[in-house]
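Residue numbers (the numbering used here), protein chains in the order written: chain A, 1 to 327; chain B, 328 to 654.
Idealized CB from N, CA, C, for every residue including glycine.
Note that the structure is a prediction, hence the values are computed from the model and not measured.
Structure first, then comments.
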DNA sequence: TTGTAAGCGTTATCAC
DNA sequence: GTGATAACGCTTACAA
């Protein structure tokens with residue numbers, strides 16, 4: 001590995017001078033600058049960012065903690081975040097937390113040990129305390145961690161509400177919500193609340209059919225089959241697109257016609273779903289905007305770790321993608 | 328940040344001793360070991376891996392270069408790779424190359440600068456030379472980079488062949504291949520070759536309908552529409568599942584019944600497709616095995632960078648997932 | 001405008 | 001068994 005001293009030797013100057021032209025500060029004569037540049041490219045020199053970091057410089061490394069990126073929504077979100085981080089000069093350390101507390105804890109330690117500049121957390125099984133202990137700038141997607149951690153999410157409440165209204169407008173009167181019924185600060189909750197409120201406004205009765213996020217497909221299918229067979233239902237607000245697709249698949253098995261007998265609308269609206277499930281209506285989250293904001297907020301936190309936050313909750317607008325399944 | 332000297336001070340010994348117990352070498356009395364451990368946990372000490380790396384230790388960082396992880400197949404693959412790397416004690420730096428040469432080049436430089444221990448390359452727009460210049464251990468998924476870089480892939484040839492045979496067995500006689508027709512070392516090629524050979528064995532005529540990987544959905548749809556409307560076709564081998572889904576969507580628009588009028592089979596078989604497109608037949612790549620092998624090979628390269636490779640090509644067996652669309 | 005040298009937090013080589 | 005101390009490659013006072 002070629003290093004600073006090699007460049008200095010070849011350029012016929014001191015390491016300080018070389019460092020100066022690299023970091024571009026202090027006074028250097030144009031001639032020296034030229035010489036140094038030439039030496040660097042001759043030797044194909046790459047500053048060692050490990051050494052640089054040790055010196056107290058930033059590592060330009062960011063930990064991105066998410067559940068499964070095999071899920072197209074998270075895949076697309078992480079892809080966008082990575083792109084934004086790259087644009088801002090950061091490298092992304094991918095931490096797939098899944099629902100493994102121990103793994104998440106280990107990752108947190110690794111991130112500290114690697115002196116990352118910050119963390120974007122899109123899932124957490126761990127409590128606030130373990131995150132606080134890192135002492136690192138953190139921003140969060142969709143989950144509240146603590147008061148002084150900015151949280152970005154879509155307007156889940158409006159989404160739940162809009163989905164419900166949409167089904168109603170197309171004639172549904174027995175509208176069910178499929179999702180996680182437990183109140184735990186999970187974003188699904190706001191979707192559910194939006195649903196509840198709208199149902200009430202419309203003078204209908206709320207029905208919540210449980211389906212956990214991490215649940216196996218088989219269990220979900222069973223639960224959905226039970227719903228479709230034994231309940232009077234003509235509209236479904238699904239907590240996410242994958243659940244919606246499962247409903248559609250089960251409905252097909254049961255010869256229930258969508259949208260004639262049953263209207264359904266999902267949530268998330270990844271490009272992937274938009275392209276390859278073109279019949280599915282869905283509430284679209286603004287993935288690009290979310291990513292941009294997450295990275296922007298993180299940069300602010302990194303620049304001013306101790307600033308009080310004037311605002312810690314950012315809700316981005318969702319929009320309806322109306323397709324066949326709800327019409 | 329608490330550091331070695333702090334621990335040493337609290338434990339009442341020298342940094343050397345502390346370092347010894349951390350790295351667990353040399354002789355240390357049990358009593359000292361206890362004291363040090365206590366001091367470490369009292370202070371919640373985390374070794375600084377930046378400093379450690381500077382000292383010549385490995386960074387335990389691996390660059391993972393892939394095209395879009397929003398694509399469920401790559402999403403699942405990268406997720407599996409990340410899991411394997413984690414198990415082996417590595418952190419994953421996610422590099423989404425897309426088709427941006429400049430970005431890929433920059434990433435390569437960053438990876439060098441960060442002293443990563445190795446690279447897993449699942450896409451490359453750049454030539455071998457730029458990769459070789461890094462001097463880093465590399466393993467590749469699905470693309471040949473150079474003779475001394477191990478390449479892991481599925482048995483694409485067998486896949487193409489098996490897909491074709493399957494369609495034939497179910498009665499198709501006008502079987503088209505949709506994919507990239509250019510011969511460029513892209514894995515698609517082997518799928519195509521498998522198709523060609525099988526078609527020949529069966530005494531049929533080969534028809535290749537072009538569709539590029541990175542192409543926009545609209546263009547793909549147009550090309551497919553043209554195919555379905557103006558050609559006599561009763562079977563399609565698609566180069567990947569997403570293309571297959573597009574065919575199905577277009578067929579539906581054109582009121583072509585699948586599998587009655589047209590049988591189709593895709594390629595990749597991510598869990599996602601298996602779960603949410605349950606009607607689609609596909610050739611399943613063994614994602615878990617691929618990931619495992621990639622990481623294992625990379626570890627070998629890291630351990631012995633200069634060993635000659637006795638074998639540089641690893642083809643993992645595919646299998647058929649037979650569903651409605653091809654029956 | 002340029003150079004010398006101390007220091008970042010570890011590990012490793014000696015010496016005791 | 002344990003402890004000084006040089007070294008890793010770089011940045012940055014401080015001198016010149």
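Backbone secondary structure at residue i - three-state DSSP
i             : result
residue 711/B : No answer is possible for residue 711/B: the residues shown for chain B start at 328 and end at 654.
residue 493/B : helix
residue 86/A  : helix
residue 419/B : strand
residue 123/A : coil
residue 488/B : helix
residue 317/A : coil
residue 537/B : strand
residue 328/A : Not covered by the structure: residue 328/A. The range shown for chain A is 1 to 327.
residue 329/A : Outside the shown range of chain A, which is 1 to 327, sits residue 329/A, and nothing can be said about it.
residue 506/B : strand
residue 590/B : strand
residue 445/B : strand
residue 478/B : strand
residue 100/A : coil
residue 138/A : strand
residue 357/A : In the structure as shown, chain A starts at 1 and stops at 327, and residue 357/A therefore has no counterpart that could be examined.
Short CB-CB distance (under 9 Å) between residue i and chain B
i             : result
residue 197/A : no
residue 259/A : no
residue 43/A  : no
residue 83/A  : yes
residue 133/A : yes
residue 3/A   : no
residue 76/A  : yes
residue 325/A : no
residue 139/A : no
residue 107/A : yes
residue 238/A : no
residue 71/A  : yes
residue 102/A : no
residue 270/A : yes
residue 79/A  : yes
C-beta contact flag for residue i and residue j at 9 Å
i             : j             : result
residue 566/B : residue 594/B : yes
residue 329/B : residue 370/B : yes
residue 423/B : residue 388/B : no
residue 94/A  : residue 116/A : no
residue 574/B : residue 504/B : no
residue 111/A : residue 145/A : no
residue 403/B : residue 608/B : no
residue 216/A : residue 264/A : no
residue 80/A  : residue 290/A : yes
residue 260/A : residue 175/A : no
residue 477/B : residue 636/B : yes
residue 277/A : residue 603/B : yes
residue 552/B : residue 531/B : no
residue 46/A  : residue 436/B : yes
residue 82/A  : residue 105/A : no
Interface flag, residue i vs chain A, CB-CB below 9 Å
i             : result
residue 421/B : yes
residue 413/B : yes
residue 495/B : no
residue 395/B : yes
residue 367/B : no
residue 388/B : yes
residue 605/B : yes
residue 373/B : yes
residue 381/B : yes
residue 615/B : no
heavy atom of the ligand MN below 8 Å from residue i C-beta
i             : result
residue 452/B : In the structure shown, the ligand MN is absent, as is every other ligand, since no ligand is present at all.
Cβ contact check for the stretch 39 to 54 of chain A and the stretch 213 to 225 of chain A: 3 or more pairs under 8 Å: By the criterion of at least three beta-carbon pairs nearer than 8 Å, the stretch 39 to 54 of chain A is not in contact with the stretch 213 to 225 of chain A.
Given 8 Å, three or more beta-carbon pairs between the stretch 158 to 176 of chain A and the stretch 138 to 149 of chain A: No, the stretch 158 to 176 of chain A is not in contact with the stretch 138 to 149 of chain A.
Cβ contact (3+ pairs, closer than 8 Å) linking the stretch 393 to 407 of chain B and the stretch 68 to 76 of chain A: Enough Cβ pairs lie closer than 8 Å, so yes.
Inter-stretch contact (C-beta, 8 Å, three-pair minimum) for the stretch 286 to 298 of chain A and the stretch 338 to 353 of chain B: Between the stretch 286 to 298 of chain A and the stretch 338 to 353 of chain B there are fewer than three inter-stretch CB-CB distances shorter than 8 Å, so the stretches are not counted as touching.
The stretch 184 to 196 of chain A contacting the stretch 151 to 158 of chain A, beta-carbon criterion three pairs below 8 Å: Judged by pairs of C-beta atoms under 8 Å, the stretch 184 to 196 of chain A touches the stretch 151 to 158 of chain A, as three or more such pairs exist.
Proximal residues, the stretch 240 to 254 of chain A versus chain B, C-beta separation under 8 Å: Those would be 242, 245, 246, 249, in chain order.
Where the stretch 2 to 24 of chain A meets chain B: residues whose CB sits under 7 Å from a CB there: Interface annotation for the stretch 2 to 24 of chain A against chain B: empty, criterion Cβ-Cβ distance under 7 Å.
Contact set between the stretch 530 to 550 of chain B and chain A, restricted to residues whose Cβ is under 9 Å from the partner: Of all residues in the stretch 530 to 550 of chain B, those with a C-beta nearer than 9 Å to a C-beta of chain A are 544, reading in chain order.
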